[in-house]
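Participant: When we follow the numbering used here, the leftmost residue of the sequence shown carries the number 59, and every step to the right adds one. For every residue, glycine included, the Cβ atom is placed at its ideal position computed from N, Cα and C. In this text, all values refer to a predicted model and were calculated from it rather than measured experimentally.
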Amino acid sequence: MIEWVLVDTNIFVEIFRNKDAILQKLIDSFDETCINTIIYLELVRGELNKKRYAEMEDYLSQYKLLHLTPTICQMSLELMRQFRLTNGLDFPDALIAATCLEHNLFLYTKNQKHFKFIPNLKII
């Protein structure tokens with residue numbers, strides 16, 4: 059069984075857009091579901107309706123929020139140096155990957171191609 063998982067932005071977008079109960083059940087089955095600051099910001103940045111913004115914040119509050127640390131930022135810089143030119147790694151994905159590596163988390167994403175080249179990153 060998978061215990062600690064960081065859920066990527068694209069999974070939540072799928073849940074919100076399509077009211078995907080199956081994805082929600084899968085997320086609920088993890089022992090601990092986490093998001094990081096980048097995922098949180100990506101999800102709330104486009105919501106301009108105050109009521110839906112509040113609903114989004116309320117929904118996200120059920121997940122453990124992992125803040126960026128100096129170690130995660132440094133690790134993401136190293137990932138960018140290593141994979142930006144060769145694999146097109148962008149800074150939000152570097153921060154997401156570094157968070158997973160630092161906390162030894164699985165990453166649940168629909169965009170595996172954005173991460174599959176990162177050593178030791180566990181992807182669902």
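Would Ile182 and Val63 be called neighbours here (beta carbons separated by less than 8 Å)?
Facilitator: Yes, Cβ-Cβ distance for Ile182 and Val63 is below 8 Å.
Participant: Check whether the segment 144-158 touches the segment 106-123, taking contact to mean three or more Cβ pairs, one atom from each stretch, closer than 8 Å.
Facilitator: The segment 144-158 is not in contact with the segment 106-123.
Participant: Restricting to runs no shorter than 4 residues, where is the alpha helix (DSSP H) found entirely within the segment 91-126?
Facilitator: Qualifying alpha helix (DSSP H) stretches, in chain order: 95-102 and 108-118.
Participant: Determine the direct distance from the alpha carbon of Leu126 to that of Asn94, and round the result to whole angstroms.
Facilitator: Cα-Cα distance, rounded: 7 Å.
Participant: Using the beta-carbon count (16 or more within 10 Å), is Ser134 buried or exposed?
Facilitator: So Ser134 counts as buried.
Participant: Helix, strand or coil for Ile154 per DSSP?
Facilitator: Ile154: helix per DSSP, three-state reduction.
Participant: By how many angstroms is the C-alpha of Phe74 removed from the C-alpha of Gly104?
Facilitator: If I take the Cα positions, the gap works out to 13 Å.
Participant: Is Ile69 helix, strand or coil when you go by DSSP?
Facilitator: Helix, per DSSP.
Participant: Can you tell me whether Cys131 is buried or exposed, with buried defined as 16 or more other CB within 10 angstroms of its CB?
Facilitator: That one is exposed.
Participant: Label Phe173 either buried or exposed according to how many other C-beta atoms from any shown protein chain fall within 10 Å of its C-beta, with 16 as the threshold for buried.
Facilitator: With 16 or more Cβ atoms within 10 Å of its Cβ, Phe173 is classed as buried.
Participant: Go through its chain and collect everything with a Cβ distance to Leu123's Cβ below 8 Å, but skip five positions before and after it.
Facilitator: Here the set comprises Cys92, Ile93, Asn94, Thr95 and Tyr98.
Participant: Can you tell me the Cα-Cα spacing of Leu101 and Thr67, whole angstroms?
Facilitator: Going from the Cα of Leu101 to the Cα of Thr67 covers about 7 Å.
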